[in-house]
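Q:
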Amino acid sequence: MEALRVEGLTKEFGGIRALNNISFTVKNGERLAIIGPNGAGKTTLFNLLNGQYKATAGRIYFLGREITDMPTRSRTYLGQGRSFQVTSLFSNLTVLCNVLLAIQGTGPPRFQLFRSISAYKHLYTKAQELLEAVALWSKRNELAQSLSYGEQRRLEITLSLALEPKLLLLDEPSTGLTPAESSDIVNMIANLVRDITVIVVAHDMDLVFGMAERIMVLHYGEIIADGTPAEIQTHSRVKEIYMGIEEDTRSAGAI
Amino acid sequence: MDLVVLSLLNGVSFGMVLFLLTIGLSITLGLMGIINLSHGALFMVAGFAGWMLVVQLGYSYWLALLVGAIIAGLIGLAIEQGFLSRLYGLTNDQVLLTIGFIYILMNLSLWIWGGRARMPYHDPLLAGTFSIAGWQYPVYRIFIIGAGLILILAIWWLLERTRIGAIIRAGMDDIETAKALGKNMGRINYLVFFLGSFLAGLAGVIGAQMMGPRIGMGWDILLLALIVLVVGGMGSIQGALIGAMVIGLVDSFGRALLPDLAMFFMYIVMIIVLMVKPSGILPRESGG
Amino acid sequence: MKIAELKPGGQPQQGRLVRFSLYFVIGLILIVLPIFLPMYLQGLMTKILVFAIFAMSLDLIWGYTGLSSMGHAAFFGVAGYTTAILIRHYGVVTFLETAPLSILMATLFAAVFGIISLRVSGLYFLMVTLALGQALFSIAWQWYHITGGAFGLTIPPLNLGIPGFTSTAISIYYFVFIFFIICYFLLRRIVNSPFGHVLQGIRENEPRMRALGYNTWLYKYIAFIIAGFFAGISGILFVHWNMLISPYQLGMIQSTYAALCVILGGPGTLVGPVIGAAVVIGLEYGASLYNPERWPLFLGIIFVISVMFLRGGVYPRLNNLWKKVGEKYSYGSTKG
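Protein chains in written order, with the numbering used here: chain A, 1100 to 1354; chain B, 28 to 315; chain C, 5 to 340.
#1: Using a C-beta to C-beta distance shorter than 8 Å, which residues of chain C count as neighbours of Val122 (chain B)?
#2: Mind listing, in chain order, the continuous beta strand (DSSP E) runs of no fewer than 3 residues lying wholly within the segment 1153-1183 of chain A?
#3: Does any heavy atom of the ligand HEM sit closer than 7 Å to the C-beta of Ser73 (chain C)?
#4: Output, in sequence order along the chain, the residues in the segment 193-219 of chain C whose CB is closer than 9 Å to any CB in chain A.
#5: What residues of chain C sit near Thr49 (chain B), judged by a beta carbon separation below 9 Å?
#6: Which residues, in order along the segment 294-315 of chain C, keep a beta-carbon less than 9 Å from a beta-carbon of chain B?
#7: What's the gap between the Cα of Leu10 (chain C) and the Cα of Val124 (chain C)?
#8: Name, please, each residue of chain C whose Cβ falls closer than 8 Å to the Cβ of Leu1147 (chain A).
#9: Using 8 Å as the threshold, is the segment 105-118 of chain C in touch with the segment 247-265 of chain C, meaning 3 or more CB pairs across them?
#10: Could you tell me whether any Cβ in chain C is nearer than 8 Å to the Cβ of Thr1333 (chain A)?
#11: For the segment 250-278 of chain B, which residues have a beta carbon sitting closer than 8 Å to at least one beta carbon of chain C?
#12: Could you pull the start and end residues of the beta strand (DSSP E) that His1318 (chain A) belongs to?
#13: So, does the CB of Asn323 (chain C) fall closer than 8 Å to a CB anywhere in chain A?
#14: What does Arg123 (chain C) reach in chain B if we use C-beta pairs closer than 9 Å?
#15: Which residues in chain B have a C-beta closer than 8 Å to the C-beta of Ala78 (chain C)? List them in chain order.
#16: Do you know how far the Cα of Phe1189 (chain A) is from the Cα of Arg1252 (chain A)?
#17: Just checking: is the beta-carbon of Leu45 (chain B) within a distance shorter than 8 Å of some beta-carbon in chain C?
#18: Enumerated in chain order, which unbroken segments of the alpha helix (DSSP H) with a length of 4 residues or greater are wholly contained in the segment 257-313 of chain B?
#19: Rounded to whole angstroms, what's the CA-CA distance from Val303 (chain B) to Val31 (chain B)? Just pull it up for me.
#20: Applying the 10 Å Cβ sphere with the 16-neighbour rule, what's the burial state of Gln1203 (chain A)?
#21: So who's on the other strand from Asp1325 (chain A), going by DSSP bridges?
#22: Out of C:Ile279, C:Ala139, C:Ile309, point me to the one whose CA is closest to Met297 (chain B)'s CA.
#23: If contact means a Cβ-Cβ distance below 8 Å, which residues of the segment 1162-1178 of chain A contact chain C?
#24: For Arg1130 (chain A), which of helix, strand or coil comes out of DSSP?
#25: At which residues does the alpha helix (DSSP H) containing Ala76 (chain B) begin and terminate?
#26: Given that a residue counts as buried once 16 or more other Cβ atoms are within 10 Å of its Cβ, and exposed if not, what is Gly89 (chain B)?
#27: When Cβ atoms are compared, which residues of the segment 1182-1203 of chain A fall closer than 8 Å to chain C?
#28: Taking 8 Å as the threshold (beta carbon to beta carbon), is Thr118 (chain B) in contact with chain C?
#29: Taking the straight line between their C-alpha atoms, what separation do you get for Gln1151 (chain A) and Leu256 (chain B)?
#30: Report yes or no: is there a C-beta of chain C within less than 8 Å of the C-beta of Val63 (chain B)?
#31: For Glu1111 (chain A), which option in A:Pro1136, A:Gly1128, A:Leu1254, A:Ala1154 has the closest C-alpha, if you only look at C-alpha atoms?
#32: If I follow the unbroken alpha helix (DSSP H) through Leu134 (chain C), where does it start and stop?
#33: Can you list, in chain order, the residues of the segment 285-299 of chain B whose Cβ is nearer than 8 Å to any Cβ on chain C?
#34: Please return the same chain residues whose Cβ sits closer than 6 Å to the Cβ of Glu1339 (chain A), not counting the five positions on each side in sequence.
#35: Alpha carbon to alpha carbon, what distance is there between Pro160 (chain C) and Ser61 (chain C)?
#36: To the nearest angstrom, how far is the alpha carbon of Thr1296 (chain A) from that of Ile269 (chain B)?
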């Protein structure tokens, strides 16, 4: 069964084509990493998949249903869970509140007006599980904005996991983290249940090779390579692009 | 038929005044992300200052025009430099702060000039009427339309043909750049803010020919300005212009057809625009 | 597992006992003090409670949901006018008969205005709510035959329909006080509920909430209606206290007054707006004694001071002070 199918997806901004006629499918349970130089269209792709952007052309199918025109919340309801490249938390609420909101999102209590939230013990139990898994339980009563950057990133991912999604979209989950923190993320992804499909956008090659069974390379809004890690590592065009980038940065350094 | 022509002229002249009032609001909003709700009060203060100069002290109307506009410009600049500049990005706070200034300016004006509404005033040169379509049409209204057109041209020239204008336009096209530029553009800030408030004051003295200055204007004119912005679209000059013209015409045709209900037409237009195209008729383009 | 009781904003509740004893003391003051006050001050305290309810209702959407409405007085005024119109034009006399319809009207207006205003957000939203409130002001001003135009409508003293009840300054006070207590606790429950937490999430980061699966528009709309409901309650109480309602209770001036109570007191705290109402009305009273003509000037200055120097409001500052005092004198560790 396909988790995701994308056909002819195109996104234009004014005169600029950020994504050009992209088509691919993702199988259930697959671990896919999307890489590519800056501006290649990776986050744009995520925004289209999750509904922050509307496609200029093309279709998206999620678990067999067409979701091209669906609003974000409906996609979440169907089973998508997304984390953001720029940390997107509820700054003035506590860590615990942040997670509770994520857990509550798709369940009945969310329209409850009169019982105090502390009456819903099952929400708290789940929150404890999730926060202990990322070692944030001890900070549960601190405001999200007072956490360190690394802790905020962990909270960010926790929010998307709290949704118990069938498709997890992680946008640059380990950017800005220490190597130790990064490998924590890799382990976390590796430990995820097999029926969750995971797509990661990343620059961090350790992360990519640590979790991916399949790598897709985007460049100027097009897929230029798609295969196993081994295939990508030896792919001539990919090496060209990344070598080109290395050369640029090396020569810039020389000046 | 005559009624149509008359209402058209009335609407356009009123629209010109509204445009001058709101252009400042729209530009500072689009360029610096700053909202100054006391524009209506500036309009009122200028109208009173002009009244004092022309009616009480017998100076020339043209002098009053300049003085009123400058006073408004300076007050606006003072509010921005002293207070608003510390509230970048905090829209709510700016709103509340400038509402506070509405109260302050209105009460100070009350203190200085007293609570009586004043009669409209204009330069003797502009007294008298013009024959249009068999009706006698007041000259000063024609002047308002003419002055409005000249100012629109002047603004267009400033924005399209000067370097400063190019910087302003660039800042307005890109919201992110505008916010960043707002912090770094120092002297352009000064100029734009002064100009916006100056135009509001100009509108106040020009408008005083149609509506005698009245303390309550601080709120009433603001309301009109906001409806203009919602209808026309915020953050763009075209938006302010089209919004002002629409509201001006709706008001004048409304008064001609159903005088008692005239003011509700504006609200109805606003509601229609909101339900059909919430961003306004010609809002500033945004990406994504 | 012990669950720390959460206050809005998520701060853990330390010292439940402290809080309840605070409630007790304040409650005592509110219940007992007025007996010893002259009639005018009793009326003033009544006014404070009426506007406290009004401000709390605004706080629900302003402080908790992040919707800056400048047209909230519309619902306040509609309820008041409905009561007055029923009494003056339809001979409906008792509170039990006028109140339900008045609240219903306020809630209905909130439902309609909500649909229009929530088409937009941020500054646009503010402008639209302001315009809609002013539209009602204009209607009330024009529609002389029904609304009394600029003069407004007066009503006779409160008739509860209960034998033995006479409307005096002190009986009106306790009448309003009961409503205040009920409204406070209802609103407190709402903001502590899952629904209330969703509202705060929307305030903090609406796109994220959508990504978490919430229909944020619906939440905002429901909050808007609930706020209108409570504003309606305060409007009814107002007209019975004031015995006069005028167009000014519908428009920008009344709405901005409520907004000041909220931001001066502390948005998003529910208690803050109550304090804000007390401060603003207290200052207004002070101005009326010394220089009533300059009150709008002082009001404007209070706006400026609140925004420039008292960001976040008075209540959080008092709260912090209180906590520091508590830490100084506490016996056990209260750190989580």
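Ideal placement from N, C-alpha and C gives every residue a C-beta, glycine not left out.
A: Quick answer:
#1: Scanning chain C for C-beta atoms nearer than 8 Å to the C-beta of Val122 (chain B) yields Ser72, Met74, Leu127, Leu130, reported in chain order.
#2: Runs of the beta strand (DSSP E) spanning 3 or more residues and lying entirely within the segment 1153-1183 of chain A occur at 1156-1161, 1179-1182, in chain order.
#3: The ligand HEM is not among the ligands present in this structure, which contains no ligands whatsoever.
#4: Those would be Arg193, Ile194, Asn196, Ser197, Pro198, Phe199, Gly200, His201, Val202, Gln204, Gly205, Arg207, Glu208, Asn209, Pro211, Arg212, Met213, Arg214, Ala215, Leu216, Gly217, Tyr218, Asn219, in chain order.
#5: Under a criterion of Cβ atoms nearer than 9 Å, no residue of chain C is adjacent to Thr49 (chain B); the nearest Cβ is some 12 Å distant.
#6: Flagged, chain order: Glu297, Arg298, Trp299, Pro300, Leu301, Phe302, Leu303, Gly304, Ile305, Ile306, Phe307, Val308, Ile309, Ser310, Val311, Met312, Arg315.
#7: The predicted position of Leu10 (chain C) is uncertain, since its pLDDT is 42 and thus under 50; a value taken from the coordinates is nonetheless stated next. Between the alpha carbons of Leu10 (chain C) and Val124 (chain C) lies a gap of roughly 32 Å.
#8: One finds nothing in chain C with a Cβ atom closer than 8 Å to the Cβ of Leu1147 (chain A); even the nearest lies about 14 Å away.
#9: Flag = no, the segment 105-118 of chain C and the segment 247-265 of chain C do not touch.
#10: Contacts with chain C at 8 Å (Cβ-Cβ) do not include Thr1333 (chain A).
#11: Near chain C, meaning a CB-to-CB distance below 8 Å, the residues of the segment 250-278 of chain B are Leu250, Leu253, Ile254, Leu256, Val257, Met261.
#12: Element bounds for His1318 (chain A): 1313-1318.
#13: Chain A contact via Cβ: absent.
#14: The contacting residues are Leu301, Met302, Pro305.
#15: Around Ala78 (chain C), no beta-carbon contact reaches into chain B at under 8 Å, the shortest distance being about 12 Å.
#16: C-alpha separation (whole angstroms): 13 Å.
#17: No, its Cβ sits nowhere closer than 8 Å to a Cβ of chain C.
#18: If we require 4 residues or more, the alpha helix (DSSP H) runs fully inside the segment 257-313 of chain B come out as 264-284, 289-303.
#19: Straight-line measurement puts the Cα of Val31 (chain B) at about 27 Å from the Cα of Val303 (chain B).
#20: Gln1203 (chain A) counts as buried, since at least 16 other C-beta atoms from the protein chains shown sit within 10 angstroms of its C-beta.
#21: Answer is A:Met1315, bridged to Asp1325 (chain A).
#22: Nearest option by C-alpha distance: C:Ala139.
#23: Those residues of the segment 1162-1178 of chain A that come within reach of chain C (Cβ to Cβ, closer than 8 Å) are Pro1170, Thr1171, Arg1172, Thr1175, Tyr1176.
#24: Reduced to three states, the DSSP call for Arg1130 (chain A) is strand.
#25: According to the DSSP assignment, Ala76 (chain B) belongs to the alpha helix (DSSP H) that extends over 66-78.
#26: A quick correction: the sequence has Trp, not Gly, at residue 89 (chain B). Trp89 (chain B) comes out exposed.
#27: Answer set for the segment 1182-1203 of chain A: Phe1183, Ser1187, Leu1188, Phe1189, Ser1190, Asn1191, Leu1192, Thr1193, Leu1195, Cys1196, Leu1199, Leu1200, Ala1201, Gln1203.
#28: Interface residue, yes.
#29: Rounded to the nearest angstrom, the two C-alpha atoms are 27 Å apart.
#30: Reading the sequence as shown, one finds Asn at residue 63 (chain B) and not Val. Not closer than 8 Å to any Cβ of chain C, the Cβ of Asn63 (chain B) fails to qualify, so no.
#31: Of the candidates A:Pro1136, A:Gly1128, A:Leu1254, A:Ala1154, the residue whose Cα lies closest to the Cα of Glu1111 (chain A) is A:Ala1154.
#32: Element bounds for Leu134 (chain C): 126-146.
#33: For the segment 285-299 of chain B, which is checked against every Cβ of chain C, the residues closer than 8 Å are Asp287, Met290, Phe291, Tyr294, Met297, Ile298.
#34: No residues qualify anywhere along the chain.
#35: Their backbone Cα atoms lie some 27 Å apart in a straight line.
#36: Between Thr1296 (chain A) and Ile269 (chain B), the alpha-carbon positions lie close to 51 Å from each other.
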